[in-house]
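Remarks on the structure that follows.
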């Protein structure tokens with residue numbers, strides 16, 4: 012737990028989701044990624060029905076007329092509407108009969124919030140299941156500047172089927188930029204580490220599509236089986252078809268990369284784990300239709 016920087020600075024600088032008001036806001040909404048970030052209390056953590064943990068988001072006897080309460084209701088409505096949600100777990104300062112004051116908060120990890128529920132033993136409270144904890148570094152908006160991405164994202168804004176589905180469009184944009192839910196699910200498959208080097212420096216990892224974006228359906232674009240988490244250099248080479256991998260994980264290097272560059276780039280290693288059937292199918296597409304081709 013850490014008390015510095017202030018939680019207000021944390022929301023603004025680390026989550027890129029500034030609080031509307033420093034005094035009464037209980038959370039914030041980041042429109043760019045359709046994510047809700049809620050301050051929740053450590054003393055509101057409980058065992059969830061069927062196993063796991065849950066955290067209280069709202070209670071009927073909280074101050075219903077307060078601006079913070081009304082804002083929390085709006086944030087919950089966004090979650091019900093499909094926004095992803097994360098909890099910043101704070102510990103309350105001891106003593107006092109008024110509203111809780113923050114003594115410290117977890118600045119390293121967020122609680123990924125899942126389904127909403129009202130347990131039988133506390134029907135006046137609304138809880139959210141905690142799906143897992145997510146490193147804060149993994150949440151940060153990470154945008155790459157790669158030639159074709161701009162055109163691909165622009166295309167999503169002109170597609171007639173997405174004109175009235177801003178949430179679906181935002182999810183696809185995130186997947187194209189290698190971020191958002193697609194990135195988190197992909198990293199979870201690889202223990203939050205590069206598929207080749209094992210590096211866990213999240214800021215250095217990119218979410219690469221195995222079957223390239225242009226040749227994939229929307230479902231395939233969002234499928235974490237259609238991806239590899241790779242450090243920046245390997246991602247750039249994989250994205251341009253200069254490296255690929257055999258089904259057994261061995262690295263393939265295009266003849267367009269000289270022996271000198273292979274040494275300079277340290278191109279060696281193999282995929283760290285065996286692939287499932289869907290991953291093998293996506294990787295075969297990359298190897299057969301993309302690897303070694305001029306981009």
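Numbering (my numbering), first residue to last: 12 to 306.
Glycine residues also receive a C-beta, built at the ideal position from the N, C-alpha and C atoms.
- [ ] Have a look at residue 149 and residue 25 and give me their C-alpha separation to the nearest angstrom.
- [x] 11 Å
Task: Anticipated Cβ contact below 8 Å, residue 48 with residue 84, distance rounded - done: Not a contact, Cβ separation roughly 16 Å.
Task: Distance CB(residue 136)-CB(residue 67) smaller than 8 Å - done: yes
Open item on the list: Could you tell me which whole beta strand (DSSP E) segments of length 3 or greater appear in the segment 27-95?
Closed with: 38-41, 46-52, 56-58 and 64-70
Open item on the list: So, for residue 53: in the same chain, excluding its five sequence neighbours on each side, which residues have a beta-carbon less than 8 Å away from its beta-carbon?
Closed with: 100, 101, 102 and 103
Task: Whole-angstrom distance between residue 257 and residue 23, CA atom to CA atom - done: 44 Å
TODO: Examine the Cβ distances between the segment 231-241 and the segment 186-193 and report whether three or more of them are shorter than 8 Å.
DONE: yes
Task: Beta-bridge pairing of residue 150 - partner residues as DSSP gives them - done: Beta-bridge pairing links residue 150 to no other residue.
Open item on the list: I'd like the list of long-range same chain contacts for residue 157, defined as Cβ closer than 6 Å, with 5 residues on each side in sequence excluded.
Closed with: Confidence in residue 157 is poor, its pLDDT being 44 and thus under 50, which makes the residue's placement unreliable; the coordinate value appears in the next sentence. Counting only Cβ-Cβ distances below 6 Å, and skipping sequence neighbours, we find nothing.
TODO: For residue 82, I'd like the list of residues in its chain whose CB is within less than 8 Å of its CB, leaving aside the five on either flank, ordered along the chain.
DONE: 31, 35, 36, 37 and 38
Open item on the list: Tell me the rounded alpha-carbon separation between residue 126 and residue 93.
Closed with: 11 Å
Task: Residues that residue 301 bridges to, as DSSP identifies them - done: Paired residues: none, contrary to the question.
Task: Burial state of residue 271 (16 or more Cβ within 10 Å) - done: exposed
Open item on the list: So within the segment 158-246, which uninterrupted alpha helix (DSSP H) runs reach at least 4 residues, ignoring any that extend past its ends?
Closed with: 158-169, 177-187, 191-200 and 229-233
Task: CA-to-CA distance, residue 239 to residue 282, given in whole angstroms - done: 9 Å
Open item on the list: Helix, strand or coil for residue 275? Go by DSSP, reduced to three states.
Closed with: helix
Task: Inter-residue spacing [alpha-carbon to alpha-carbon] between residue 226 and residue 296 - done: 10 Å
Task: Reduced DSSP category for residue 101 - H, G, I as helix; E, B as strand; rest coil - done: strand
Task: Between the CA atoms of residue 178 and residue 237 - distance to the nearest angstrom - done: 21 Å
Task: Whole-angstrom distance between residue 221 and residue 291, CA atom to CA atom - done: 10 Å
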